[in-house]
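Under the numbering used here, think of the first position of the sequence shown as 244, with each following residue one higher.
Every residue gets a Cβ at the ideal spot worked out from N, C-alpha and C, and that includes glycine.
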Amino acid sequence: WADTRTLMKYGIEHYHYHNIYKTIELTDIIIENGIPDHNLPANISTVELKVNLPADVLNSGELNILMRDDEVIKTKVEVKSALKAPVSKGLKVGNVRYFLNEEEIFNYKIVTKEAKNAINLEWCTQQILKRYFLNYIDKK
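1. Cβ of tyrosine 351 within 8 Å of Cβ of leucine 296?
2. Roughly how many angstroms separate the alpha carbons of glutamate 291 and glutamate 268, rounded to a whole number?
3. Run through DSSP, which three-state label would valine 320 get?
4. My understanding is that lysine 323 touches glycine 337, with C-beta atoms under 8 Å, so please give their C-beta distance in whole angstroms.
5. Can you tell which of Asn276, Ile263 and Ala358 has its C-alpha closest to the C-alpha of glutamate 314?
6. For a test of the three-state rule: what should DSSP assign to alanine 245, helix, strand or coil?
7. Taking isoleucine 278 and isoleucine 362 to be in contact with their CB atoms under 8 Å, please state how far apart those CB atoms are, rounded to whole angstroms.
8. What's the call for threonine 368, buried or exposed, on a 16-neighbour Cβ count within 10 Å?
9. Any idea which residues DSSP pairs valine 277 with across the strands?
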(Lines of atoms letter the chains of each structure in order from A; the text may use other names.)
(Lines give C-alpha, C1' and ligand atoms only; values in the text may rest on other atoms or scores of the structure.)
Protein backbone atom coordinates (compact mmCIF):
# COMPACT_ATOMS: atom_id res chain seq x y z
CA TRP A 244 0.00 0.00 0.00
CA ALA A 245 2.96 2.30 0.46
CA ASP A 246 3.52 2.41 -3.31
CA THR A 247 -0.10 3.36 -3.88
CA ARG A 248 0.11 6.07 -1.24
CA THR A 249 3.29 7.47 -2.84
CA LEU A 250 1.65 7.57 -6.29
CA MET A 251 -1.50 9.20 -4.94
CA LYS A 252 0.53 11.83 -3.09
CA TYR A 253 2.51 12.61 -6.26
CA GLY A 254 -0.70 12.98 -8.27
CA ILE A 255 -2.33 15.26 -5.69
CA GLU A 256 0.77 17.45 -5.42
CA HIS A 257 1.52 17.77 -9.14
CA TYR A 258 -1.80 17.55 -11.00
CA HIS A 259 -4.68 20.04 -10.88
CA TYR A 260 -7.78 20.76 -12.91
CA HIS A 261 -7.38 23.59 -15.43
CA ASN A 262 -10.07 25.25 -17.52
CA ILE A 263 -8.67 25.17 -21.06
CA TYR A 264 -11.79 26.53 -22.78
CA LYS A 265 -11.19 29.39 -25.21
CA THR A 266 -13.85 31.36 -27.02
CA ILE A 267 -13.11 30.92 -30.71
CA GLU A 268 -13.85 33.94 -32.88
CA LEU A 269 -15.02 32.70 -36.27
CA THR A 270 -15.55 34.92 -39.29
CA ASP A 271 -18.30 34.28 -41.81
CA ILE A 272 -17.28 32.13 -44.75
CA ILE A 273 -17.88 33.19 -48.37
CA ILE A 274 -20.27 31.08 -50.45
CA GLU A 275 -19.41 30.97 -54.14
CA ASN A 276 -22.45 31.16 -56.44
CA GLY A 277 -24.73 31.56 -53.41
CA ILE A 278 -27.80 33.76 -53.22
CA PRO A 279 -26.41 37.05 -51.91
CA ASP A 280 -27.08 38.22 -48.37
CA HIS A 281 -30.14 40.49 -48.12
CA ASN A 282 -31.19 39.18 -51.55
CA LEU A 283 -29.37 42.01 -53.33
CA PRO A 284 -27.29 41.11 -56.40
CA ALA A 285 -24.37 43.39 -55.47
CA ASN A 286 -23.84 41.71 -52.10
CA ILE A 287 -21.73 38.66 -51.50
CA SER A 288 -23.08 35.49 -49.99
CA THR A 289 -21.73 34.45 -46.62
CA VAL A 290 -22.70 32.01 -43.90
CA GLU A 291 -22.10 32.13 -40.14
CA LEU A 292 -20.13 29.38 -38.42
CA LYS A 293 -20.22 27.82 -34.97
CA VAL A 294 -18.18 25.28 -33.02
CA ASN A 295 -20.11 22.11 -32.15
CA LEU A 296 -19.32 21.88 -28.45
CA PRO A 297 -20.90 19.48 -25.96
CA ALA A 298 -23.87 20.94 -24.05
CA ASP A 299 -22.06 20.93 -20.70
CA VAL A 300 -19.20 23.01 -22.15
CA LEU A 301 -21.65 25.44 -23.79
CA ASN A 302 -23.63 25.86 -20.56
CA SER A 303 -20.68 26.23 -18.19
CA GLY A 304 -18.10 27.84 -20.47
CA GLU A 305 -15.58 25.41 -19.01
CA LEU A 306 -13.52 22.57 -20.41
CA ASN A 307 -11.62 21.20 -17.42
CA ILE A 308 -8.80 18.68 -17.63
CA LEU A 309 -6.37 17.29 -15.09
CA MET A 310 -2.81 18.38 -15.91
CA ARG A 311 0.49 19.50 -14.44
CA ASP A 312 1.23 23.21 -14.18
CA ASP A 313 4.17 22.87 -16.59
CA GLU A 314 2.13 21.21 -19.34
CA VAL A 315 1.15 23.35 -22.33
CA ILE A 316 -2.22 23.54 -24.10
CA LYS A 317 -2.34 24.70 -27.72
CA THR A 318 -5.43 25.36 -29.80
CA LYS A 319 -5.46 25.01 -33.58
CA VAL A 320 -8.38 26.29 -35.67
CA GLU A 321 -8.75 24.96 -39.23
CA VAL A 322 -11.51 26.41 -41.44
CA LYS A 323 -12.14 26.30 -45.18
CA SER A 324 -11.74 29.68 -46.86
CA ALA A 325 -14.82 29.37 -49.12
CA LEU A 326 -17.61 26.97 -50.10
CA LYS A 327 -19.64 26.41 -53.26
CA ALA A 328 -23.41 26.74 -53.06
CA PRO A 329 -25.68 25.08 -52.15
CA VAL A 330 -24.61 24.75 -48.51
CA SER A 331 -26.66 22.86 -45.94
CA LYS A 332 -27.09 23.80 -42.28
CA GLY A 333 -24.65 21.92 -40.06
CA LEU A 334 -22.13 21.27 -42.85
CA LYS A 335 -18.67 20.59 -41.43
CA VAL A 336 -16.21 23.25 -42.62
CA GLY A 337 -13.36 22.78 -40.17
CA ASN A 338 -12.13 21.79 -36.72
CA VAL A 339 -10.98 23.25 -33.43
CA ARG A 340 -8.27 21.00 -32.04
CA TYR A 341 -6.82 21.09 -28.52
CA PHE A 342 -3.33 19.71 -27.93
CA LEU A 343 -1.65 18.82 -24.64
CA ASN A 344 2.12 18.73 -25.19
CA GLU A 345 1.67 18.04 -28.94
CA GLU A 346 -0.89 15.25 -28.34
CA GLU A 347 -4.44 15.91 -29.55
CA ILE A 348 -6.89 15.63 -26.67
CA PHE A 349 -10.07 17.24 -28.08
CA ASN A 350 -11.35 17.80 -31.61
CA TYR A 351 -14.58 19.72 -32.21
CA LYS A 352 -16.28 20.34 -35.57
CA ILE A 353 -16.86 23.80 -36.98
CA VAL A 354 -20.19 23.83 -38.84
CA THR A 355 -22.45 26.22 -40.74
CA LYS A 356 -25.29 27.83 -38.76
CA GLU A 357 -27.63 28.08 -41.74
CA ALA A 358 -28.26 26.82 -45.26
CA LYS A 359 -27.53 28.85 -48.40
CA ASN A 360 -29.05 28.12 -51.79
CA ALA A 361 -27.26 28.54 -55.09
CA ILE A 362 -28.19 31.26 -57.53
CA ASN A 363 -30.66 29.66 -59.93
CA LEU A 364 -33.05 30.62 -62.71
CA GLU A 365 -35.94 31.23 -60.32
CA TRP A 366 -33.91 33.70 -58.21
CA CYS A 367 -32.61 35.50 -61.31
CA THR A 368 -36.14 35.80 -62.72
CA GLN A 369 -37.40 37.24 -59.43
CA GLN A 370 -34.61 39.82 -59.43
CA ILE A 371 -35.38 40.89 -63.00
CA LEU A 372 -39.11 41.20 -62.30
CA LYS A 373 -38.49 43.19 -59.09
CA ARG A 374 -36.21 45.61 -60.88
CA TYR A 375 -38.52 45.99 -63.87
CA PHE A 376 -41.64 46.67 -61.81
CA LEU A 377 -39.86 48.94 -59.33
CA ASN A 378 -38.41 51.01 -62.18
CA TYR A 379 -41.78 51.09 -63.93
CA ILE A 380 -43.60 52.26 -60.78
CA ASP A 381 -40.91 54.88 -60.00
CA LYS A 382 -41.27 56.43 -63.47
CA LYS A 383 -45.04 57.07 -63.06
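With the structure as the only source:
1. The Cβ-Cβ distance between tyrosine 351 and leucine 296 falls below 8 Å.
2. One C-alpha to the other measures close to 11 Å.
3. In this structure, DSSP gives valine 320 an extended state, which the three-state scheme calls strand.
4. Sure, about 6 Å apart at Cβ, within 8 Å.
5. Selected option, being the one with the closest Cα: Ile263.
6. DSSP places alanine 245 within a helical segment (H, G or I) once states are collapsed to three.
7. About 6 Å separates the two Cβ atoms, so the contact holds.
8. The residue is exposed, with fewer than 16 neighbouring Cβ atoms inside 10 Å.
9. The sequence given here has glycine at residue 277, not valine. Answer by DSSP bridge pairing, in chain order: Ala361.
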